[in-house]
Each structure stands twice: as C-alpha cells, then as structure tokens.
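Everything on this sheet refers to the single structure shown next.
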Amino acid sequence: MKTMKNDSSTLKNYLLPLGLGLLVLINLFLALEFLGIEIIDRYYKGILILMQINIILAVSLNLINGVTGMLSLGHAGFMAVGAYTSSLLSIFLSNMNLPEVILFPLVLCAGGLLAAVMGLAIGIPTLRLRGDYLAIATLGFGEIIRVVLLNLDITRGARGLPGIPNYTNLWWAQFFMVLSVMIIWNITASNHGRAFVAIRENEIAAEAMGVNTTYYKVSSFVIGAFFAGVAGGLFAHHLGFISPKSFEFMKSVEILLMVVLGGLGSLTGSVVAAIVLTGLPEFLRFLQSYRMVIYSLTLVLLMIYRPQGLFGRHEANADLLKAWFNKGHGRSGGGKGDE
Amino acid sequence: MSEFFQQIINGLSLGSIYALIALGYTMVYGIIQLINFAHGDIYMVGAFTGYFAILSGLPFPVALLLAMVCPALLGMLIQRTAYKPLRYSPRITALITAIGVSLLLENLGILVLRPDPRPFPQVFTNAPFHLGQVTVSIPQVLTFTVALALMVALTLFIRYTKTGKAMRALAQDLEAAQLMGVNVDRIISVTFMIGSALAGAAGVMMGVLIPRIEPLMGIMPGLKAFVAAVIGGIGSIPGAMLGGVLMGLVETLATGFISSTWRDAIAFGLLIVILLFKPSGILGRNVREKV
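Which chain is which? The protein sequence lines are G and A, in order. Each position in the first sequence, counted from 1, maps to that position plus 1258 in my numbering. Each position in the second sequence, counted from 1, maps to that position plus 11 in my numbering.
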C-alpha cells in the first residue's frame, strides 16, 4: 500500500539499518539479561530506555504534526499530565500489594487517559485555529499545564515528586514502544488515517468530500495526547523523580525536532530520528561543554541542507533495506545531505 | 488603590520592554511569516553587550547604542546564513531552524559567558521618588522613556522613509513588491536589523530594571513578547506595542493581586482567550479564508 519513490538518499539508507540494528541489539541485551548475563551497565541501559520513550513521544507527535498537519508545540504538557497521574497513582497504590505486571500497565493507561481527556479539553476550542496560531495556542496550554502542576499541592509544586517506584525497565519500555508504534501505524493505515492525511493535504477539500474535519482533528489530537501520557508515565517511572521543570517548553521542542528531523508524516522516520537525537547528545559527551553547541549547530545545518527531514514523507520499508544491501543497483538517490 | 497604581507603573515599564521585543517578532512575522524563536536570545546578546560596555567604562548612552548595533549585526548575520536559504521551503522547516539558532545562541552563551547569573552594573541610582502615593524609580522612568522614543522613531521610520515604505510593501505582498523593483533581500535584512536592535535595547533596559543577567534570560521574555505580539495582532506594529504593554500590565497586576506563581498561567491564559475570540489579535487584520 505504501509506495516508495525513487528518492532514497544515502543518509536515509544508512540510518534505517542503524535503527533496526539497534532494536535487534536491545533484544539481544534483553535475552542475555534474561539468562543472567549483564553486558551493558546502567548508563547505557538508561539511554536505551530513554530512546524507547522518545520514540513513543515522537511517533505520537508525528500523528498530530506530520500525519494530520496540525502544528502542536505543547506535547510536553500531555507528557506531564501522564507522568504525574501515573506516578501519583502508583505511589498511592503501592501499599495495595498489586503485582507490578498489573499495576504498571494500569497506572500508565490511567495517565494516558487523563492526558487524552486533557487533549480533548484543549483540542475542542483550539483546533479551530490554524498553522502558527494553533502552534502558539498549544504552546500556551503546555505552559499553563506546567504552571498548574507547579502550584498544586498534590504535585508538591517546584519541589518535584520523589519516590516514584522504578518500574520502567528495558522490557516494559520496549513493550510499550512497540505497542504504541503498532497502534499508531495501524491508525494511520486505516480510514481514520486517510482522513487525517486528507486534512493535512487540504482541509477545505477534505471537508467538501465529506470528511468531518473537526471530529478527525480532535481525535488525532486526543490519540497523540494519550500516547504522550503513556510515555510520560514511563519517563517518570524510569527516573523515579519528576518536577515541572522536566516538562518545560524545551521538552516539546525536543520532541518536535525528532518529528521534523525524521520527516513530517513518516513514522519510521520519527523512530530513527528519536534514536539518533537521543543518542547524539550522549555520543557527543566527549566534547564536554562544546556538546550542546555542536548539537544545535548540527540541527541548523541539517535543516538547511535537508529541510524535508531524513525520510521526507515516506516510510522506510523492505525495498529500502534491500536497496541498502545491494548498493549501486539503480536506486542511487542524490547523495545530498550525507554527513 | 495606591497598590493598583503602583502595579500600573511597574507594568508600564515592564510592558514597554515586552513591546520592544514584540516589535521584532511582529515585523519579521509580517514579512516572512517566520516565528523567529532566536529573537529572545538576541535580546540576551543585547543585555550582555550593554553589560560589557558599561563594565569597560563607557557612558550609558554609548553602551546602549553598542547594545543595539551588535545585536543588529548578529540579526542580519542569522538571517543571511540560516533563514535566507529556507525562504521558500515549508514553514515548519524555518521554524525548526529558528529554534536551532536559538539553542545555538543559548549554548554559545553558556559556553562563553558561563551559565551563572551576573549582577548588571548599577548605572542609575535606585532611590525611588514619590508621586502622590506611588513610588517610581529612575530605571522605570528611563525604561519607559527610551522605549517610547524608540517606538516613535520606528513609527516615523516606517511611515516616512523609502525603506519603511518598502517594508510595508513587503508585508503586504512580497512577490508584488519584488516585481516593483524592491530589493527583497536587503529589506528583509534591514527588518531583522531593526528588530534585533530594538531587542538589544530591551535587553539593556531589562538589565537596568532587574539587574540580573544570564545566558538563558531570553527564553521567557522572548516567549512572552511573542505572545504579546500575537495578542496585539501579529504583523501589526501598533499591535505589538499595545500587546507588549498589555502583557506587562497583566503580569504585574497578576503578581500584585493574585500570586506571582500563577503569573505565567494568567499571561498564557489571556493569549488563549484572545486567540479564541479574535484569532487575528486586537489590532490585526482579519484574513478571510478563500476557497
């Protein structure tokens, strides 16, 4: 159903196997850990978990920004709602002696649901706005959520919420990542997804063709918010401590960067970009204080030389992999944008 | 009641700083429809230029001038290197580039200037004088006067010079202006320079008003000034001034009468209310949707 056009570039061909390779690697680590052999230390495990969480965030934001074409700058707000809800729940429920297998998915879903409700409440009034105005309104809501969290008693305000049980491990992170990506992928491939794409391509034409644009825009927003909430829950149970500072505007920007870098509308692109952008700052640690400068410079250069993102609007698929393995057979794209 | 007037005075001086920053946002947006996220950081560069100029013993007016010239050159440099290649690419790409430039400036600032806050040198006496029941300080009066003077100068420039006319033409229709022989690149650069110069001045005035500067000081005022520009009607110059002052007033009144911790939520709440009821802002033009 999804067709690849002949515009794969070198960069893309290197990055896709990189992402897949990483997934295989994670599973190898998991298998070894299952057998009782620990190869990687906590630091690397932490990075791998963050990668999975960021994949959920990027893919869910891509559903809103890339697939439906609504520029949202408030994703960290939904993440915060999910993180706080699930953390508070798991702290309150911790003396009920529920097994982790039941409790953890339960609190994550609760966090996701509240984030979705928030998405609904924010989406219905703001989705009348378009383009930059929508972006600013969502930015405003994201900040308002943060300020509310900063002022509530139950969230302990700026002091942050400590003592969240560390349920998130590689298993859980990967399980929820794969589940979320699969669900979102299937949504985009369904009737719903076609309506989303129609709205992105031309909202007026979509409406004229009988697509209930308000319904689909709000539902895209709510679904995206739900998964951001789940990712927030994973994030909170990974760190064990959250404060409103973890969900500032820059967090939303970070997620948006992954989406744009991967290619708006390309879910696989988001996956790869989430892996790269989570790994890159860690990889650049040897540069010490120059690290963030190099990171932001890379970003600007990538945008200037590859404005459509790594994957454009296309999904990576088997053809692309094949093409990568038999390099030189036809499919040579413009070697533009290689590092 | 005197508390109320006191907060109005505080709000006017803070608001005039927001207005100066908002002008840069609104002018750039009016011409190339780009939310220039790096603008808040240019304001930071202005504050630091002023800081170093005053520390090296230059008199305040010279420092202020320098703090306008350096950001202006920086603004032009950014527009030439980062934004110009993306003028015809999708809007979101330019937006991300702007965020990237903003991150770059912040991190360069942290690298070169160290992240810890510094006290801005005291140039004017802080001794307040009393006007009836309210107290006013010299920095407050100065901020308001400088901002007002710059805004008047800008208005005159845009209304009566040839470059100003070209800027208005670009805002109305970029392609038509180009066909009429306007040098689009030059005018866009000039717009960035003027906007950045105003932001630089705002940075120095903020340093005088609240003497604490750091490399990340531009994020929040930048965001709020942008919100102010949207509230006033983005693309509209009087709108940015009005929005900025309104933002300052709302913020100080919220701090004075509700709570300082809720201040930001109220400011953004105002934005959402205005966007919902009049999306084009208070003074913005209503653009009809064409089918």
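Cβ atoms here follow ideal geometry from the backbone N, Cα and C, with glycine treated the same way.
So, is S1267 of chain G buried or exposed, given that buried needs 16 or more other C-beta atoms within 10 angstroms?
With a pLDDT of 46 at S1267 of chain G, under the threshold of 50, the modelled position of that residue is not reliable, and no figure is offered here.
Does H50 of chain A pass the burial test, meaning 16 or more other C-beta atoms within 10 Å, or should it be called exposed?
So H50 of chain A ends up on the buried side.
Can you tell which of A:G280, A:I293, A:T263 has the C-alpha that lies nearest to the C-alpha of S247 of chain A?
Checking every option, the nearest Cα to that of S247 of chain A belongs to A:I293.
If I follow the unbroken alpha helix (DSSP H) through T1396 of chain G, where does it start and stop?
Taken as a continuous stretch (DSSP letters only), the alpha helix (DSSP H) holding T1396 of chain G covers 1389-1409.
Can you list, in chain order, the residues of the region 1537-1570 of chain G whose Cβ is nearer than 8 Å to any Cβ on chain A?
Hits within the stretch, in order: S1547, Y1548, M1550, V1551, Y1553, S1554, L1555, L1557, V1558, M1561, I1562, P1565, Q1566.
Can you say whether F1544 of chain G is buried or exposed, counting buried as having 16 or more other CB atoms within 10 angstroms of its CB?
With fewer than 16 Cβ atoms within 10 Å of its Cβ, F1544 of chain G is classed as exposed.
Could you tell me which residues DSSP pairs with T104 of chain A in its beta bridges?
Its beta-bridge partners do not exist; DSSP assigns none.
If you check the beta carbons only, do M1337 of chain G and A1531 of chain G fall under 9 Å apart?
Cβ distance not < 9 Å, so M1337 of chain G and A1531 of chain G don't count as in contact.
How is A142 of chain A classed by DSSP in three states: helix, strand or coil?
Position check: residue 142 of chain A holds Leu in this sequence, whereas Ala was assumed. Here L142 of chain A sits in strand by DSSP.
Assuming F237 of chain A and Y94 of chain A are in contact, meaning their beta carbons sit under 8 Å apart, how far apart are those beta carbons, in whole angstroms?
Contact doesn't hold; Cβ gap of about 16 Å is too wide.
Helix, strand or coil: which one does DSSP assign to V1325 of chain G?
Helix, per DSSP.
Just to confirm, are F1493 of chain G and A1341 of chain G a CB contact at a threshold of 9 Å?
Yes.
For S13 of chain A, is the classification buried or exposed, using 16 other Cβ atoms within 10 angstroms of its Cβ as the cut-off for buried?
When all chains shown are included, S13 of chain A counts as exposed.
Give a yes or no on whether the minimum CB-CB distance between L1319 of chain G and chain A is below 9 Å.
It does not: the Cβ of L1319 of chain G has no partner Cβ on chain A nearer than 9 Å.
Restricting to Cα atoms, I'd like to know which of A:G41, A:T108, A:F16, A:L84 is closest to Y1563 of chain G.
Nearest option by C-alpha distance: A:T108.
Compare the Cα-Cα distances from I42 of chain A to each of A:Y99, A:R179, A:I283, A:I230 and report the closest residue.
The candidate whose alpha carbon is nearest that of I42 of chain A is A:R179.
Does P226 of chain A have its Cβ less than 9 Å from a Cβ in chain G?
It does not; no Cβ of chain G falls within 9 Å.
Quick one: what's I1419 of chain G bridged to in DSSP?
A small fix is needed here, since residue 1419 of chain G is Leu in this sequence, not Ile. L1419 of chain G pairs with G:I1500.
Strictly below 9 Å CB to CB, what residues from chain G border P101 of chain A?
Chain G residues near P101 of chain A: L1522, P1565, Q1566.
By the 10 Å Cβ neighbour count, where 16 or more other Cβ atoms means buried, how is Q18 of chain A classified, buried or exposed?
So Q18 of chain A ends up on the buried side.
In whole angstroms, give me the CA-to-CA distance for V1534 of chain G and I28 of chain A.
Rounded to whole angstroms, V1534 of chain G to I28 of chain A spans 39 Å at the Cα level.
Starting from Y1563 of chain G, trace the alpha helix (DSSP H) in both directions and tell me its first and last residue.
That run of the alpha helix (DSSP H) goes 1549-1563.
Return yes when the Cβ of A33 of chain A is within less than 9 Å of the Cβ of G254 of chain A, no when it is not.
It is a contact, given that the beta carbons lie within the stated cut-off.
Can you give me the Cβ contacts of T104 of chain A inside the same chain, cut-off strictly under 7 Å, excluding the 5 residues immediately before and after it?
Answer for T104 of chain A: L97, listed in chain order.
At a Cβ threshold of 9 Å, is N1323 of chain G touching chain A?
So, interface residue.
Can you tell me where the alpha helix (DSSP H) with A30 of chain A in it begins and where it stops?
Here the alpha helix (DSSP H) through A30 of chain A covers 13-43.
Who are the Cβ neighbours of N21 of chain A in its own chain at under 6 Å, not counting the five residues just before and after it?
So the list reads T263, once near-sequence residues are dropped.
Fully enclosed by the region 1431-1499 of chain G, which beta strand (DSSP E) runs are 3 residues long or longer?
Counting whole runs of 3 or more residues, the region 1431-1499 of chain G contains no beta strand (DSSP E) stretch at all.
Could you have a look at I46 of chain A and say whether DSSP puts it in helix, strand or coil?
Of the three classes helix, strand and coil, the one that applies to I46 of chain A here is coil, per DSSP.
Please classify D52 of chain A as buried or exposed, where buried requires at least 16 other C-beta atoms within 10 Å of its C-beta.
It counts as buried.
Is the region 1416-1427 of chain G in contact with the region 73-87 of chain A, if contact means three or more CB pairs nearer than 8 Å?
Too few Cβ pairs lie closer than 8 Å, so no.
With a cut-off of 8 Å, do at least 3 Cβ pairs link the region 151-159 of chain A to the region 215-231 of chain A?
Enough Cβ pairs lie closer than 8 Å, so yes.
Is there a C-beta anywhere in chain A that falls below 9 Å from the one on T1413 of chain G?
Chain A, which has no Cβ nearer than 9 Å to the Cβ of T1413 of chain G, makes this no.
Taking a cut of 7 Å between CB atoms, which residues from the region 1443-1467 of chain G lie near chain A?
Against chain A - using a Cβ distance shorter than 7 Å - the residues of the region 1443-1467 of chain G are I1462.
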